[in-house]
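Chains as they are written, first to last, in my numbering: chain C, 1057 to 1210; chain D, 403 to 661. Ideal Cβ placement from N, Cα and C applies to all residues, glycine included. Values in this document were obtained by computation on a predicted structure and should not be read as measured data. Comments concern the structure below.
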Amino acid sequence: MNNYQCFVRLNKPSTISTPVQHIKTTRGNTVTREEILSKKPLHVLEKIRENLERLNEKMEVMIELQKHGHKDVQPLNDAPLDVMTLLSMPDHLRKTAMTICRCGRATAAEVAEQTSRARAVESAYLNQLVIMGYLKKERKGRKAYFYADRDSQR
Amino acid sequence: MSKIVAVHSYKGGTGKTLLAVNLAATFAKDGKKVCLFDLDFRAPSLFAILKVNNAEFWLNDYLNGKCDINKVLIDLSSRLEGNGNFFAALANPTTEAIREMSAKDRKWEMRALGRLLSLRNTLLNDREFDYLVFDTSPGLQYSSINAIVTADFVVVATTGDRSDVDGTRRMLRELYNLFEKKTGLVMNKVLDPTSKSKRDEMDKRVKNVYQVPMLGLVPCFCEVLRAEGNLIFVQDKPNHPFTKILDEMAKKIENNEVN
Chain C
1057 MNNYQCFVRL
1067 NKPSTISTPV
1077 QHIKTTRGNT
1087 VTREEILSKK
1097 PLHVLEKIRE
1107 NLERLNEKME
1117 VMIELQKHGH
1127 KDVQPLNDAP
1137 LDVMTLLSMP
1147 DHLRKTAMTI
1157 CRCGRATAAE
1167 VAEQTSRARA
1177 VESAYLNQLV
1187 IMGYLKKERK
1197 GRKAYFYADR
1207 DSQR
Chain D
403 MSKIVAVHSY
413 KGGTGKTLLA
423 VNLAATFAKD
433 GKKVCLFDLD
443 FRAPSLFAIL
453 KVNNAEFWLN
463 DYLNGKCDIN
473 KVLIDLSSRL
483 EGNGNFFAAL
493 ANPTTEAIRE
503 MSAKDRKWEM
513 RALGRLLSLR
523 NTLLNDREFD
533 YLVFDTSPGL
543 QYSSINAIVT
553 ADFVVVATTG
563 DRSDVDGTRR
573 MLRELYNLFE
583 KKTGLVMNKV
593 LDPTSKSKRD
603 EMDKRVKNVY
613 QVPMLGLVPC
623 FCEVLRAEGN
633 LIFVQDKPNH
643 PFTKILDEMA
653 KKIENNEVN
């Protein structure tokens, strides 16, 4: 079930009357409809928002990929983000990657603050760098942190 | 303000080490807390110039993740007059260490960059150093580019030699610009005695050819050659013109006046 379907179902009055029915969320855990509607409406909205944000990020990446063509984006596994790699990157990505190198770990908003570009733009570039294998991404609550994984690469 | 200063050049023999040592010593003479780093792992030289034979840990060990940076720092403050603090972090000069460093792979270099970048926290923030001065290997290679990426300001040493001019210009355009580094050029070993008009002319030429600001112009001093690297020049010859030039450079960097 995608986010949109989930959203529509929650808002459809006809489905409320259905007795105990299990819904599988995008994260794979099962909850009853009753739980969703009565106990934690705020929590559910929060989840929906989170999912929408993820969708948004994915779309931003897709837009960026189209804008710059696919030629400079080859998904790699754990490519080292060394200085020679930084040098060979297109300018727009180098700026973002350099900021992560300096900060160690940062959100798109924090990177945007340093580069004076829009958060959505940085988010797209960061996600692109993740796809390319240069950065790792970790979620904590509603925030997504990006970092160059220096230690696991032995 | 520039806290981490790297001294770099395209060709060897342009006077990087001389500039790095004396720039660091000038900062220390001004009462600053300074650490000089030997990042020229292919041809380490600071151990000889600073006459340190008993280092227990080298910068190599820190970059290899074998020890803390504090174990590497050697306090040489007693060598200098005044109340500044002068530390050094040295590269291991043994052939084995040089061989080992030149065989490192990209992943190691990436971690080394991370360790250099973290000096900002450990030394500038925690131990309250005022300046870190990096002496580097010439040309485009990992250890130098790691140093340049880490630095706030890069001093580029160059001579008027034909073999150096084109390469330096290309390096400035294709390396420094890409990393958006603040740069100052030092014309070293200038032969003509420099009158004011001559200086201005040189200044203009540097801006036209290299398109970066000039940090300083160092005439060819026989006394510097004669010292054979046996002394920290600005310390031992406080009234020499070379010392005065270094004082000016340090002041320019300190006051952010290079432009």
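| Asked | Found |
| --- | --- |
| Per-residue burial, V454(D) [other beta carbons within 10 Å of its own, 16 or more giving buried] | exposed |
| Opposing strand residues paired with P621(D) [DSSP bridges] | V592(D) |
| L648(D) versus Q1170(C): straight-line alpha-carbon distance, rounded | 33 Å |
| Minimum length 4: unbroken alpha helix (DSSP H) runs contained in the segment 559-610 of chain D | 564-573 |
| Nonlocal neighbours in the same chain, by C-beta distance under 7 Å from L452(D), ignoring five residues either side | L478, A490 |
| DSSP bridge partner residues for N487(D) (one or two, in chain order) | K435(D) |
| S1116(C) to A1164(C) span [Cα, whole Å] | Checking the sequence shown, residue 1116(C) turns out to be Glu, not Ser. For E1116(C) and A1164(C), the distance between alpha carbons rounds to 12 Å. |
| Given D463(D) as reference, the closest of A514(D), M604(D), S447(D) once Cα atoms are compared | A514(D) |
| Secondary structure of E1109(C), DSSP reduced to three states | helix |
| Distance CB(F429(D))-CB(E656(D)) smaller than 9 Å | yes |
| At least three beta-carbon pairs within less than 8 Å, the segment 534-548 of chain D to the segment 414-425 of chain D | yes |
| 7 Å CB neighbourhood of L475(D) in its chain, flanking five on each side removed | C437, F489, A491 |
| For E530(D), three-class secondary structure by DSSP | coil |
| Alpha-carbon to alpha-carbon, K1151(C) and T1074(C) | With a pLDDT of only 47 at T1074(C), under the threshold of 50, the placement of this residue in the model should not be trusted, and no figure is reported. |
| Neighbour list for P1136(C) in chain D, Cβ cutoff strictly below 8 Å | R508, K509, E511, M512 |
| Bridge partner(s) assigned by DSSP for K1199(C) | K1196(C) |
| Any non-hydrogen atom of the ligand SAM within 8 Å of G417(D) CB | Ligands in the displayed structure: none, and consequently the ligand SAM is not present. |
| The segment 610-630 of chain D contacting the segment 560-576 of chain D, beta-carbon criterion three pairs below 8 Å | yes |
| Chain D contact for V1139(C) (CB, 9 Å cutoff) | yes |
| Chain-ordered neighbours of Y544(D) on chain C, where CB pairs are closer than 9 Å | D1138, V1139, M1140 |
| 9 Å Cβ cutoff, F443(D) in contact with chain C | no |
| Members of the segment 544-570 of chain D that neighbour chain C once the beta carbon cut-off is set at 7 Å | Y544, I547, N548, V551 |
| N- and C-terminal bounds of the alpha helix (DSSP H) containing V474(D) | 471-474 |
| Simplified DSSP assignment, three categories, for V660(D) | coil |
| N1067(C), buried or exposed, once every other Cβ within 10 Å from all chains shown has been counted against 16 | Because N1067(C) sits at a pLDDT of 47, beneath the cut-off of 50, its placement in the model cannot be relied upon, and the point is left open. |
| I634(D) (DSSP reduced to helix, strand or coil) | coil |
| Three-state class that DSSP yields for L1137(C) in the structure shown | coil |
| Cβ-based contacts, 8 Å cut-off: residues of the segment 426-457 of chain D near chain C | none |
| Interface flag, L1143(C) vs chain D, CB-CB below 9 Å | yes |
| Cross-chain neighbours of R1206(C) in chain D, by beta carbon under 8 Å | M512, R513, G516 |
| Cβ-Cβ distance between L518(D) and L526(D) below 9 Å | no |
| Beta-carbon separation (whole angstroms), P1136(C) vs M512(D), contact threshold 8 Å | 4 Å |
| Residues that DSSP places opposite L441(D) in a beta bridge | T538(D) |
| Three-way DSSP call (helix, strand, coil) for D1205(C) in this model | coil |
| Environment of Q1184(C) [buried if 16+ CB atoms lie within 10 Å] | buried |
| Alpha carbon of S1144(C) to alpha carbon of R1173(C), nearest angstrom | 21 Å |
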